[in-house]
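What follows is a set of notes on a single structure, which appears directly below.
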Amino acid sequence: MIRIFSDYKRLIVLLLSIGSLYFWSSCAAVKQASGGPKDTTPPELILANPSSGSIHFSGNQIELLFNEYIDENSLATAIQFFPQLKEAPEIQYKGKKLIIHIPDSLKAKQTYVLSLNRNLKDEHGVPIAESIQVAFSTGAFIDRGELTGRIYDATETSVHLWRLDNKKDLSFLNRIPDYISDTNDHGEYRFQFLSPGFYQVMAVHRSTAGMVLVSKRMTYGFPFFDEIHLDSAEVKSGINMMLDRKELPLRLLRTEWESVAWGKATFSRDISKWADILPLALLKNNQRINLQKTFQNPSDSTEMILIPEAPLNFDEKYELNLSSIRQGNEALVDSGNVHFSTPETSDTSRVEIMNYKSLIKLSPEKNVIHPVQFSFSKPISLIEDSLDFFLMLSDSIPMEHEIHLKENLAIEILPKHEWEPEKEYLMTFRSSGFKPISGQSFEDSLISIHVQTQKYKAIGRLMSSVSSNRIQALKAMLSSTKKSQMVFIESVNSEAIFDYKKVPEGSYRLMYFSDMNGNNIIDAGRAEPFQTGEWFVSYPDTIDVRANWDMELKPFQLEFKP
Numbered sequence: 000m001i002r003i004f005s006d007y008k009r010l011i012v013l014l015l016s017i018g019s020l021y022f023w024s025s026c027a028a029v030k031q032a033s034g035g036p037k038d039t040t041p042p043e044l045i046l047a048n049p050s051s052g053s054i055h056f057s058g059n060q061i062e063l064l065f066n067e068y069i070d071e072n073s074l075a076t077a078i079q080f081f082p083q084l085k086e087a088p089e090i091q092y093k094g095k096k097l098i099i100h101i102p103d104s105l106k107a108k109q110t111y112v113l114s115l116n117r118n119l120k121d122e123h124g125v126p127i128a129e130s131i132q133v134a135f136s137t138g139a140f141i142d143r144g145e146l147t148g149r150i151y152d153a154t155e156t157s158v159h160l161w162r163l164d165n166k167k168d169l170s171f172l173n174r175i176p177d178y179i180s181d182t183n184d185h186g187e188y189r190f191q192f193l194s195p196g197f198y199q200v201m202a203v204h205r206s207t208a209g210m211v212l213v214s215k216r217m218t219y220g221f222p223f224f225d226e227i228h229l230d231s232a233e234v235k236s237g238i239n240m241m242l243d244r245k246e247l248p249l250r251l252l253r254t255e256w257e258s259v260a261w262g263k264a265t266f267s268r269d270i271s272k273w274a275d276i277l278p279l280a281l282l283k284n285n286q287r288i289n290l291q292k293t294f295q296n297p298s299d300s301t302e303m304i305l306i307p308e309a310p311l312n313f314d315e316k317y318e319l320n321l322s323s324i325r326q327g328n329e330a331l332v333d334s335g336n337v338h339f340s341t342p343e344t345s346d347t348s349r350v351e352i353m354n355y356k357s358l359i360k361l362s363p364e365k366n367v368i369h370p371v372q373f374s375f376s377k378p379i380s381l382i383e384d385s386l387d388f389f390l391m392l393s394d395s396i397p398m399e400h401e402i403h404l405k406e407n408l409a410i411e412i413l414p415k416h417e418w419e420p421e422k423e424y425l426m427t428f429r430s431s432g433f434k435p436i437s438g439q440s441f442e443d444s445l446i447s448i449h450v451q452t453q454k455y456k457a458i459g460r461l462m463s464s465v466s467s468n469r470i471q472a473l474k475a476m477l478s479s480t481k482k483s484q485m486v487f488i489e490s491v492n493s494e495a496i497f498d499y500k501k502v503p504e505g506s507y508r509l510m511y512f513s514d515m516n517g518n519n520i521i522d523a524g525r526a527e528p529f530q531t532g533e534w535f536v537s538y539p540d541t542i543d544v545r546a547n548w549d550m551e552l553k554p555f556q557l558e559f560k561p
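And the structure:
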């Protein structure tokens, strides 16, 4: 453990004495001036003694001078030596200056790196912009190898670096890293002063920096090659990684039954790809009760609607059971069960429209007919003869349309022709056209909903060609810089061309990757069994897609090199 002491603390008794005297002799309190802009400028190291890169080091202390006062409380977890020292150093705090006292246990002819991570903050709580490394050697030579790269699509990350005995050495997964570096705000990292040899790196969340990997509990990622070889004074860049995006196993959280005729089960995340195969069982005293229908809630992707063949009994206890789904040793769906009680009395609540009240705002798209969907608060049956549904333009011009019932919990209105931009539409229908599975129908007999269309959706086109060597299953990923959920993926065809025909106007980032397992995401690799991450590269510039423009990028050369 690093020991920290301060010259200021030695004056505590004296200061307390002076403070007491001042208190009794003064009736006015002096306060630090407030106001002004908040300090957001990171502290900077302006001098190291000895300077980084020094050789023949035989001293017992290192002095670091910063351009502003450092927060003493941040020192305990901010300073590390690589390789680790046998005895912990002592740190003397002097405001802007730190004096690090090194024990007499340094190895001869060894390069040491003093690393300051981003836990180091100034007196206003602003961390340093990136990890700082100060190196010195106890011999006549200092190692000059260097590794740099970037962690994409993640914040507050760190990078572990291990020196390997040989290129097939996987024992590094079972030990703490030999070196650690925090990424800066752009995800960039840098290791300096490395000796020749084989290395491996791994990205982790900063909260787990320095820990031995626990693959089932930690988020991590590997580069696309299984080892890195450094020659003397060699610099290798572009060692980029993603953090693991694999989802945790799906879990059953709870079930709610507001009626004996139907219920809903809530899961830990979106069940879209599982809705048709989830092994659910409804039980009463260990006896299975048949379910007539189960389907995903159209208005909540985490919910499953459950309709038994016959209504359950009032005020009795039941159990909903979920069996596990596994792929090899990996759990995709966790087993679980929840107990619930049915209501004591019949459902008397009215059915409601969940997603709209009286106005819908719609952005039409040229040559595309988008439906409008209404979701209901409980399952319903559609009685078309009693519905009397009308769709009108400007309250008077009838519009041809189709009505589709979606899983008994929503209806979809699809006009025969495109929505016109900047127009007013009116939809009316009678509540007698809907029969809820329980409770009562709508409060109003006639329901009116207005549709207000906006200008045409601003759509552009983006295309390009690539030149690559031995990259298989190549895909292009276009991601909005403003809306993280807006991602478009296109395969690069046999002519090395990709074409995004319809892209909403905006600013985007373009990445290319080798989708070897065909799951449309950049896999970060895995530890057990060891597997490297998938190859990827980022287009160097942000791309601005403009409405009604066909944009063609210059051909891009892709290099697959470890």
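Counting in numbering that gives the first Met the number 0, the final residue of the sequence shown is number 561, and the numbers go up one at a time with none missing.
In this text, a Cβ means the ideal position worked out from N, Cα and C, and glycines have one as well.
Cβ separation of residue i and residue j, assumed to be a contact under 8 Å, to the nearest whole Å
i, j, result
"L321", "P278", "7 Å"
"E504", "G459", "6 Å"
"F497", "M550", "The Cβ separation is near 12 Å, so there is no contact."
"R244", "A523", "7 Å"
"L390", "I410", "Rounded, the Cβ-Cβ distance is 12 Å, inconsistent with contact."
"R508", "S478", "5 Å"
"L557", "V536", "6 Å"
"D134", "F192", "A quick correction: the sequence has Ala, not Asp, at residue 134. Their Cβ separation, rounded to whole angstroms, is 4 Å, which keeps A134 and F192 in contact under 8 Å."
"I179", "G209", "6 Å"
"N201", "G186", "It is Met, not Asn, that sits at residue 201 in the sequence shown. Contact flag wrong, Cβ pair sits at about 15 Å."
"Q451", "K360", "5 Å"
Residue i, enclosing alpha helix (DSSP H) - first and last residue
i, result
"S380", "Where S380 is concerned, there is no enclosing alpha helix (DSSP H), although the beta strand (DSSP E) it sits in stretches over 379 to 381."
Per DSSP, cross-strand counterpart(s) of residue i
i, result
"P317", "It should be pointed out that residue 317 corresponds to Tyr in this sequence rather than to Pro. According to DSSP, Y317 bridges with F339."
"N48", "E62"
"E302", "T265"
"E401", "L413"
"Q293", "Before going further, note that residue 293 is Thr rather than Gln in the sequence given. DSSP, once it has assigned bridges, lists L305 as partnering T293."
"K120", "P126"
"M240", "I150"
"P435", "I379"
"E329", "Q326"
"R143", "BP columns for R143 are empty, so no partner."
"K597", "What is shown of the chain runs 0 to 561, which leaves residue 597 out entirely."
"I597", "Past the boundaries of the shown model lies residue 597; the chain is included only from 0 to 561, so the question cannot be answered."
"M510", "M476, S537"
"Y424", "L392, V450"
Run of the beta strand (DSSP E) containing residue i, from where it starts to where it stops
i, result
"W161", "156 to 163"
"K283", "279 to 283"
"L408", "Here L408 belongs to no beta strand (DSSP E), and DSSP marks it neither H nor E."
"V367", "It is not in any beta strand (DSSP E) - V367 carries neither H nor E in the DSSP assignment."
"L392", "389 to 392"
"I99", "96 to 100"
"R253", "251 to 255"
"S114", "110 to 115"
"Q83", "It is not in any beta strand (DSSP E) - Q83 carries neither H nor E in the DSSP assignment."
"A134", "131 to 136"
"I324", "324 to 326"
"T347", "Premise fails: T347 is in no beta strand (DSSP E) and is neither H nor E."
"S57", "That residue, S57, is in no beta strand (DSSP E); it is neither H nor E in DSSP."
"D543", "542 to 544"
"Q556", "555 to 557"
Residue closest to residue i, alpha-carbon to alpha-carbon, out of the options
i, options, result
"Y68", "E122, A87, I131", "E122"
"I446", "T480, N183, D387, L509", "D387"
"I98", "D543, H403, P49, W273", "P49"
"K106", "I90, T137, F81, S114", "T137"
"T40", "P88, A128, K93, D103", "A128"
"F487", "K481, S493, V502", "V502"
"S490", "D181, S478, S513", "S513"
"R174", "L212, V112, E527, E442", "L212"
"Q439", "T480, P378, I412", "P378"
"K96", "L119, M303, S104", "L119"
"S348", "P435, N285, N312, I131", "P435"
"S466", "L63, A208, L552, G124", "L552"
"N312", "N284, V332, E329, V337", "N284"
"S564", "I54, Q109, K263, S437", "There is simply no residue 564 to check, as the chain begins at 0 and stops at 561 in what is shown."
"F441", "Q530, H449, E351, K292", "E351"
"Q372", "E62, K422, S298", "S298"
"F555", "L163, S271, L408, M510", "M510"
"L113", "R525, Q83, G144, Q295", "Q83"
"G335", "L358, L281, F294", "L281"
### Query
What are the start and end residues of each continuous beta strand (DSSP E) run of 3 or more residues lying completely inside the region 440 to 506, in chain order?
445 to 452, 458 to 467, 473 to 479, 486 to 490, 496 to 503
### Task
Within the region 156 to 230, note down every full beta strand (DSSP E) run reaching 3 residues or more, in order along the chain.
156 to 163, 178 to 181, 187 to 193, 196 to 204, 227 to 229
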